[in-house]
Amino acid sequence: MTKNRTDDAHDYDFRALQEKWAPVWQELGLFDSSKDGDNRPRKYVLDMFPYPSGDLHMGHAEQYALGDAAARYWRHQGFNVLHPIGWDSFGLPAENAAIKNGGDPRDWTYANIAQQRESMQRYGVSFDWKRVLHTSDPEYYRWNQWLFVQMYKKGLAYRKYSDVNWCPQDQTVLANEQVVDGLCERCGAEVTKKKLNQWYFKITDYADRLLDDLKQLEGHWPAKVLAMQRNWIGRSLGADVDFEIEDRDEKVTVFTTRPDTLYGATFMVVAPDSELAAELVANASEETRETFRRYLDDVHSLGAIERQSAERPKTGLFLERYAINPLSGERLPVWAADYVLADYGHGAIMAVPAHDQRDLDFARTFDLPVRVVVDTTQPITGAIPIITEDTELPELDDLNPAVTGEALTGDGRLCNSGPLNGLSKRNAISRAIEILGDRGTGRPAKNFRLRDWLISRQRYWGTPIPILHGENGEEVAVPEDQLPVVLPDAEGLDLRPKGSSPLGGAEEWMRAEHPVTGAPMRRDADTMDTFVDSSWYFLRFLSPNDDTRAFDPAEAEKWAPVDQYIGGVEHAILHLLYARFITKVLYDLGFITFSEPFSALLNQGMVIMDGAKMSKSKGNVVKLSDELDTYGVDAVRLTMLFASPPEDDVDWADVSVAGSAKFLARAWRVANDVTSDPDVDTARGDLATRRAVHRFLDEIGPLASSFKYNVIIARLMELTNVTRKAIDSGPGPADPAVREAAEAIAVVLDLFAPYTAEDMWVKLGHEPGVALVRWPKAVSSLTQEDEITAVVQINGKVRARLEVSPRIGEAELERLAFEAPPVKRALEGKTIAKVIVRAPKIVNIAVKG
1 MTKNRTDDAH DYDFRALQEK WAPVWQELGL FDSSKDGDNR PRKYVLDMFP YPSGDLHMGH
61 AEQYALGDAA ARYWRHQGFN VLHPIGWDSF GLPAENAAIK NGGDPRDWTY ANIAQQRESM
121 QRYGVSFDWK RVLHTSDPEY YRWNQWLFVQ MYKKGLAYRK YSDVNWCPQD QTVLANEQVV
181 DGLCERCGAE VTKKKLNQWY FKITDYADRL LDDLKQLEGH WPAKVLAMQR NWIGRSLGAD
241 VDFEIEDRDE KVTVFTTRPD TLYGATFMVV APDSELAAEL VANASEETRE TFRRYLDDVH
301 SLGAIERQSA ERPKTGLFLE RYAINPLSGE RLPVWAADYV LADYGHGAIM AVPAHDQRDL
361 DFARTFDLPV RVVVDTTQPI TGAIPIITED TELPELDDLN PAVTGEALTG DGRLCNSGPL
421 NGLSKRNAIS RAIEILGDRG TGRPAKNFRL RDWLISRQRY WGTPIPILHG ENGEEVAVPE
481 DQLPVVLPDA EGLDLRPKGS SPLGGAEEWM RAEHPVTGAP MRRDADTMDT FVDSSWYFLR
541 FLSPNDDTRA FDPAEAEKWA PVDQYIGGVE HAILHLLYAR FITKVLYDLG FITFSEPFSA
601 LLNQGMVIMD GAKMSKSKGN VVKLSDELDT YGVDAVRLTM LFASPPEDDV DWADVSVAGS
661 AKFLARAWRV ANDVTSDPDV DTARGDLATR RAVHRFLDEI GPLASSFKYN VIIARLMELT
721 NVTRKAIDSG PGPADPAVRE AAEAIAVVLD LFAPYTAEDM WVKLGHEPGV ALVRWPKAVS
781 SLTQEDEITA VVQINGKVRA RLEVSPRIGE AELERLAFEA PPVKRALEGK TIAKVIVRAP
841 KIVNIAVKG
């Protein structure tokens, strides 16, 4: 049947298309991934869910355009794609807004969710709207509490007193990962230390697996993210060495990666904010104790990164105590210094200043001994020199770190080290550990930079911790059948930050009973870090309305892990590390059969303006809603993905949304002009046009799989131009090849501009639902070019162009090049120095004279 064109509009109107197709998609349920009897293979595509801090912004626009292109591509490949959306809706911004405006965090949160949801639906993202979750719903955070209880039973959730990172502005504790350059990563306030009784998840029990399992993700996650995770976990191999402290019964254990340098240890350093330092200074003089108290106050005002900075002058205090070197028997003065952290190793180090730059800087500051024990002038290969106690060893004066100020960190052979003399570093480490083991003063050990995950927060708007406390210190987990522990109403509570949780002021809510004895107990007043909410949300999407369990293991078996995860690199450590940890816990508990949550990861760049991050203070903010109103959803989405590869930043000042809108109108008119029937035999179409179509299809599949969307869009523009030319000055709008081209454009354009693509598809005589149309396949016989242009260059200058077969060999191409008249003329009187042939495209001839 020939399409009736009398009702077709001839002007592209993006507003009309958006209003027309959005309700149709909803009615058809195109993106419902849970239909009965759907036997398609499955793909799980997930965008990092948003925080509802306001309407969608330009960063959201890029992320969701990327995620939607991936989801739509796999649907076109014949997959049933799970592409859900939800909101990470607990957290400080809502609570701070409520404090500022005198309202309830719930009102602010859910009003923003409603606004974002409306914008997302307008943006045409192919989400399955039957799988929506909000982490601030009791139906969701009930399962946070269930997870906490499971971990508590397994000893993976525990509480202890410790010095914690404290944000004085937000009045809450922070995990180590939430402190950036000594500042709160959320509000920018300078972080201090405070001793509190806090809840932790024992992520360090999984440190080895978190590190080793990164190998599974190589080639599927960005190398930068893998490196960041490896560095954060920070596994070090070495030895635990036991040092005696004079007048102290218990030994002090020091972790070191270089037990071979024990003979070079000339002092010991303990973290000033450690319990050990407080104990050791207790017997010092009153003057030293008072100096130590002032020093400790200074240390508490510093962040961990600032304390360890190589540029910062070294400070410290002699504690008037001595340790005994377990190999040499030498007395070593014990100092407190802020460059040693209480939570690294055992909070104490042996200082080997000749071979560690920070130790050397400290030794030179306080005039402490520096002893070289590794001769870096000696080769570590070849025969091992025979060194005895009587051997005269080199003085190494020219390399003396005490003089040069440069620590000797290179390899070499041990010297001034008794039984280790002459050994290479590797052999000396092994031998030193053997000797320590024989003496009972040391053993092989591992240490990690990673610390247990501090999850307590002294704020209201979060998941209540499901623990009851008795007057005698008893702790009892809330029984699972009494979950969720629902937050009390904010009305009547003072939500202002004051160092303790506002929940402590909800007296009626705080009162509880022992689940067995009925004895009076009190609830835990802290709430959980919101990163707990996002550590497992990808599993809740599998059965978001199940009120009997956190998720259905059978659904997890069908859908998980996530095939493609998309989001910003700013979550490389925090969110991704915690999600990997919780996944491994759930695996060990038997709830899932996989140990990594996200099989593949794509990080998008930022959307910036005039080379800088958008901010109101800089006056360079671009409002997404304004761009959508002016140019339409499809033009904005297309511009986002055409501007650059996904991982690069997009500078909105350098792109042309108007240009994208013009292209979409041009593509739309191509479909509008086609006059052949939908069932026409395309094999009878114009051969040149068909070749262009099938070369396009042959190229874009691999491009889509590797997220090279900007290249695909460029190819779409080229094919649209070819088709327009075929309509206007070629075989005409009735030619079957023109229809074939228009349909290919519509299907591929659906990845980026769904409203335009849908309207094109229907204009071409098909039923709505281009999103589910199978990706057209290239006909191999049409992808081969009959001829290709080969270029002949002499000393870099083009002298001839030859039309040759794409299958031509190098010898034949070289012969044709030398026979070309322009080449012959250019070579007269010249001496050929070199000929390089790259069939079928180029011949380079280098000549002299």
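Residue numbers (full-length UniProt numbering): 1 to 849. Beta carbons are placed, not taken as given, at the ideal position from N, Cα and C, and that holds for glycine.
How far does the beta strand (DSSP E) with Glu803 in it extend, from its first residue to its last?
First-last of the beta strand (DSSP E) with Glu803: Lys797 to Val804.
List the whole-angstrom C-beta distance separating Val24 from His83, where the pair is believed to meet the contact cut-off of C-beta under 8 Å.
Actually they do not touch by this definition, with Cβ atoms about 18 Å apart.
Out of Leu341, Pro333, Thr376 and Asp375, state which residue places its alpha-carbon closest to the alpha-carbon of Asp367.
Per the Cα distances, Pro333.
Counting pairs of beta carbons, one from the region 187-201 and one from the region 145-162, are three or more of them closer than 8 Å?
Taking 8 Å as the limit for Cβ pairs, the verdict is that the region 145-162 does touch the region 187-201.
Alpha carbon to alpha carbon, what distance is there between Pro502 and Arg496?
Using only the alpha carbons, I get a separation of about 8 Å.
Grab the span of the beta strand (DSSP E) containing Leu133 for me, first residue to last.
Where Leu133 is concerned, the enclosing beta strand (DSSP E) stretches over Val132 to His134.
Per DSSP, what kind of secondary structure is Asn844 in: helix, strand or coil?
Three-state DSSP puts Asn844 in a strand.
I need the DSSP call for Val340, collapsed to helix, strand or coil.
Coil, per DSSP.
Which of the three DSSP states is assigned to Gln604 in this structure?
Three-state result, Gln604: strand.
Please go through the same chain and pick out, in chain order, the residues whose beta-carbon is closer than 7 Å to the beta-carbon of Asn416, but skip the five residues on each side of it.
Here the set comprises Tyr263, Arg371, Val372, Val373 and Leu393.
Kindly indicate the opening and closing residues of the beta strand (DSSP E) around Tyr460.
Taken as a continuous stretch (DSSP letters only), Tyr460 belongs to no beta strand (DSSP E), as it is neither H nor E.
In terms of residue numbering, what span does the beta strand (DSSP E) encompassing Pro444 cover?
Here the beta strand (DSSP E) through Pro444 covers Gly442 to Phe448.
Can you tell me whether His514 is buried or exposed? The criterion is at least 16 other CB atoms within 10 Å of its CB, across all chains shown.
Classification for His514: exposed.
Quick check on DSSP: helix, strand or coil for Gln564?
Gln564: strand per DSSP, three-state reduction.
Do you know whose CA, among Arg413, Thr266 and Arg294, lies nearest Ala363's CA?
Comparing Cα positions, the closest option is Thr266.
For Ala383, count neighbouring Cβ atoms within 10 angstroms of its own Cβ and tell me buried if that reaches 16, exposed if not.
Caution is warranted here: a pLDDT of 49 is assigned to Ala383, below 50, making its placement in the model unreliable, and the coordinate value is therefore given only provisionally. Result: exposed.
Use the C-beta contact count for Gly316: other C-beta atoms within 10 angstroms, 16 or more gives buried, fewer gives exposed.
Per the 10 Å Cβ criterion, buried.
Please classify Arg540: is it buried, with 16 or more other beta-carbons within 10 angstroms of its beta-carbon, or exposed?
Buried, by the Cβ-count rule.
I need the straight-line Cα distance from Gly238 to Val650, nearest angstrom please.
If I take the Cα positions, the gap works out to 45 Å.
Could you tell me which of Lys195, Leu196 and Leu174 sits nearest to Ala189, measuring between CA atoms?
Per the Cα distances, Leu174.
May I have the straight-line CA-CA distance separating Thr365 from Ala354, to the nearest angstrom?
Each residue's Cα considered, the two are about 14 Å apart.
Any chance you could list the alpha helix (DSSP H) runs of at least 4 consecutive residues sitting entirely within the region 472-515, in chain order?
The region 472-515 contains these whole alpha helix (DSSP H) runs: 507-510.
Quick check on DSSP: helix, strand or coil for Thr6?
Low confidence applies here, because Thr6 scores a pLDDT of 33, under 50, leaving its location unreliable; read the following figure in that light. Three-state result, Thr6: coil.
Once DSSP output is grouped into helix, strand and coil, what is the label at Glu19?
Residue state, collapsed to three classes: helix.
Taking the alpha carbon of Glu767 as the point to measure from, which residue in Pro544, Lys153 and Trp21 has its own alpha carbon closest?
Checking every option, the nearest Cα to that of Glu767 belongs to Trp21.
Just to confirm my understanding: we take Gly659, look at its own chain, exclude 5 residues before and 5 after, and list those with CB closer than 7 Å. What are they?
Taken in chain order, the list of residues that qualify is empty.
Could you check whether the region 69-79 touches the region 767-777, counting it as contact only if at least three pairs of C-beta atoms, one from each stretch, sit closer than 8 Å?
Yes, the region 69-79 is in contact with the region 767-777.
As a quick exercise: from His60, Arg248 and Asn39, pick the residue whose alpha carbon is nearest that of Asp47.
The option with the nearest alpha carbon to Asp47 is His60.
Just mark Glu758 as buried or exposed, buried being the case when its beta carbon has 16 or more other beta carbons within 10 Å.
Glu758 comes out buried.
Going by C-alpha distance, which of Ala579, Val476, Lys841 and Ser500 is nearest Pro520?
Considering only alpha carbons, the answer is Val476.
Pull up the distance between the alpha-carbon of Tyr565 and that of Val225, whole angstroms please.
Computed Cα separation, rounded: 13 Å.
Between which residues of its own chain and Lys848 is the CB-CB distance below 6 Å, once the five residues before and five after are set aside?
Once the five neighbours on either side are set aside, the close Cβ partners of Lys848 are Thr831 and Ala833.
Starting from Lys618, trace the beta strand (DSSP E) in both directions and tell me its first and last residue.
It is not in any beta strand (DSSP E) - Lys618 carries neither H nor E in the DSSP assignment.
What residue range is occupied by the uninterrupted beta strand (DSSP E) comprising Gly437?
That residue, Gly437, is in no beta strand (DSSP E); its alpha helix (DSSP H) goes Lys425 to Arg439.
Using only CA atoms, which one of Gln77, Leu56, Tyr12 and Leu408 lies nearest to Ala704?
Answer by Cα proximity: Gln77.
Taking only the alpha-carbon atoms, compute the straight-line gap between Asn400 and Gly412 and give it to the nearest angstrom.
Taking the straight line joining both Cα atoms gives about 15 Å.
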